[in-house]
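Numbering (the working numbering), first residue to last: 76 to 368.
Note that CB positions come from ideal geometry on N, CA and C, so glycine has one too.
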């Protein structure tokens, strides 16, 4: 998951930089185009990738890609408009949604002691909502929606990873999403009716053609890296574990926001973020114990 943390940091910095010039669908179209370009290069080097893509079950891939596109819009809005430490903390309500989806969709109940970690995550998330509801308003629900949707796509990713390679999954996802985001870019971002927020800091670098080009490269590469890291992680652990072990993003993004974007570390966020991290770590450890049994 270390690769996912680095990729997410690059993704956040690129989003902050690109939002100065582009809409959210345009930013995500760049990510999809970059990922598709990487997939084409890999396919030219190894034509078996194209054959695997050709024989894939397209309906499931298209459904997951469209769902992932919706979650990505919520996440990009959150990263662009909210402090990175806050976004990272909310991200780790993911094990709650993973557990809920596992129960409802697969009749898979978490281990008995895993509930301790899940309750801690719920408590931390509740504190965050209560603290920021007045400052952000109903828009506080957007990052939670993003987490819920992307958690469900991670479960589908785990299913697909058992059937085919990471490269072919990402090739189909980026190709599908490039079409989706290109259409949204033509229609106009205002049709998404996303609210604005003044809580986020400025971009890390001044606006200009060089920084714009660097942000495009970072966006294209990091988008592929995050999904590749997640796909590999799901091959070695449960979905709840993958969601929980990624908690290092909380301090990493909080520190990055303070050092690179000038976002002050909010003392009121320390307690709920710590509670969420402890809950996620407990969830990972206890769920791992059940898996070994």
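What is the DSSP secondary structure of residue 368, reduced to helix, strand or coil?
-> Here residue 368 scores only 45 on pLDDT, less than 50, and its place in the model should not be relied on; the value that follows carries that caveat. Residue state, collapsed to three classes: coil.
Kindly give me the distance between the Cβ atoms of residue 341 and residue 158, rounded to whole angstroms, as I take these residues to be in contact under 8 Å.
-> 7 Å
Alpha carbon of residue 133 to alpha carbon of residue 344, nearest angstrom | 42 Å
In angstroms with no decimal places, state the Cα-to-Cα distance between residue 336 and residue 88.
-> 9 Å
Quick one, which of 359, 356, 347 and 358 has its alpha-carbon nearest residue 164's?
-> 347
Under 8 Å between C-beta atoms of residue 140 and residue 282 = no
Contact the region 218-227 vs the region 145-153: 3+ CB pairs below 8 Å | yes
Boundaries of the alpha helix (DSSP H) in which residue 249 is found, first to last residue = 241-262
Residue 143, enclosing alpha helix (DSSP H) - first and last residue | 133-156
If you drop the 5 nearest sequence neighbours on each side, which residues of the same chain put their C-beta closer than 8 Å to that of residue 191?
-> 354, 357 and 361
C-beta contact flag for residue 232 and residue 299 at 8 Å = no
Label residue 210 either buried or exposed according to how many other C-beta atoms from any shown protein chain fall within 10 Å of its C-beta, with 16 as the threshold for buried.
-> exposed
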